[in-house]
Amino acid sequence: MGFRARLATLAALVLLGGAPAAAPDRDGDGIPDDLDNCPTVANEGQFDTDGDGVGNACDDCVHVADPDQDDEDGDGVGDACDTCPDSFEDVLRPDGSERLAVGPDGCSPSQTCPCEGPRAKNVTWPSRGAYLACVRRAARRLRALATIDAPERRLLVWSAMHSDCATERGTDGDRDGDGILDDGDESGHPGDAPCRGGATVGCDDNCPTVRNPRQTDLDGDGIGDACDPDLDGDGIPNARDDCPRKPNHDQADADGDGVGDECDACPDTPADADVDAQGCADGQTPSG
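Residue numbers (this note's numbering): -10 to 277.
Next up, the structure:
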């Protein structure tokens, strides 16, 4: 538009009462509040990974649709994706007070590394060193995310070192303290009759050093799930098995998503898509 045309337009606006007021834009990102998916947080790109209408910049569950943004424990991680929905204040400050600080999964340090044992149900720490290593990792992670500061990180590790966590290892005859005797059949040879098929009495603890009162044993090999390095017994260690709970010797994975065909609920996932434990990407419905 030339100078004369702009001048004419300005004159017309003046005669009409002036230019219309600009639409509110509280975060100053150029997107009017009524169109902005994060009206109080600048996000010019308006990215919304989970498509729930809440932009990534202010979404408390970036990868899980959560339009209501519910956060019952107030830790900043929405209930829809919060692994620990009941987080509490457990980060010690230099002044002696405590505050709430969680990782991206919504878990606080004492939830990530609980005193009695790992988050996996009914499993004790294999050693005190393992517990302390967990606390150190959690502290480093929170510090790297700037969720806690350096003094708080040091206090986390210090308090763990001066606690009695991971020190109780059961009693004579029941090393892991899960109520299942190491020599439950009283043969005099612990381990010669491991519990199988759901039995918990009259048999030996199938994980004598790892707490597992239910004695679950998926593949029936006499080694409880809590300590079995190959849960499904297919010869592929859990850490490398793309279907750790279903035997699949060939490790076939037609769609290449990292979840084996034997347990993939979405066998036709698009290439390079991020998938969950079922092998499904956002928007896909599990089959069967």
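We put the beta carbon where it would ideally sit given N, CA and C, even for glycine. Predicted model, so just to flag it, every value in this text is computed and none were measured.
Scanning its chain for C-beta atoms nearer than 7 Å, with the 5 sequence neighbours on each side dropped, one finds around G159 the residues D165 and G166, in chain order. When the five nearest sequence neighbours on each side are left out, the beta carbons in the same chain lying within less than 8 Å of the beta carbon of A31 are those of D16, G17, D18 and A46, in order along the chain. For a cut-off of 8 Å, the C-beta gap from D171 to D206 is around 16 Å, too long to register as a contact. The beta-carbon separation of L89 and S97, rounded to 7 Å, stays under the 8 Å limit for a contact.
The beta-carbon distance between A54 and D41, rounded to whole angstroms, is 4 Å. This is short enough to meet the 8 Å contact definition.
Nearest to V91 by alpha-carbon distance, out of L145, D84, S116 and G85, is L145.
Taking a C-beta distance under 8 Å as the contact criterion, G67 and D49 qualify as a contact pair.
Burial is judged here by how many other beta carbons sit within 10 angstroms of a residue's own beta carbon; L220 has at least 16 and is buried. Here the alpha carbon of A260 sits roughly 56 Å from the alpha carbon of G177. In the DSSP assignment, Q100 falls within the alpha helix (DSSP H) that extends over P98 to T101.
For L121, the enclosing alpha helix (DSSP H) covers residues R117 to A133. In this structure, C196 lies near A215, with their beta-carbon atoms less than 8 Å apart. The three-state secondary structure of V146, taken from DSSP, is helix. Beta-bridge analysis with DSSP links T160 to D163.
Taking C-beta atoms as the reference points, P74 and G106 fail to come closer than 8 Å.
As computed with DSSP, D193 is found in a beta bridge with P183. Sequence-distant Cβ neighbours of A127 in its own chain, meaning closer than 7 Å and more than five residues away, are P98, T101 and C102. Taken atom to atom, the span from the alpha-carbon of G168 to that of F36 is near 52 Å.
Put simply, the backbone Cα of P56 is about 15 Å away from that of D71. The DSSP-derived three-state label of E87 is strand. Pairing D22 with E78, the inter-Cα distance amounts to about 34 Å.
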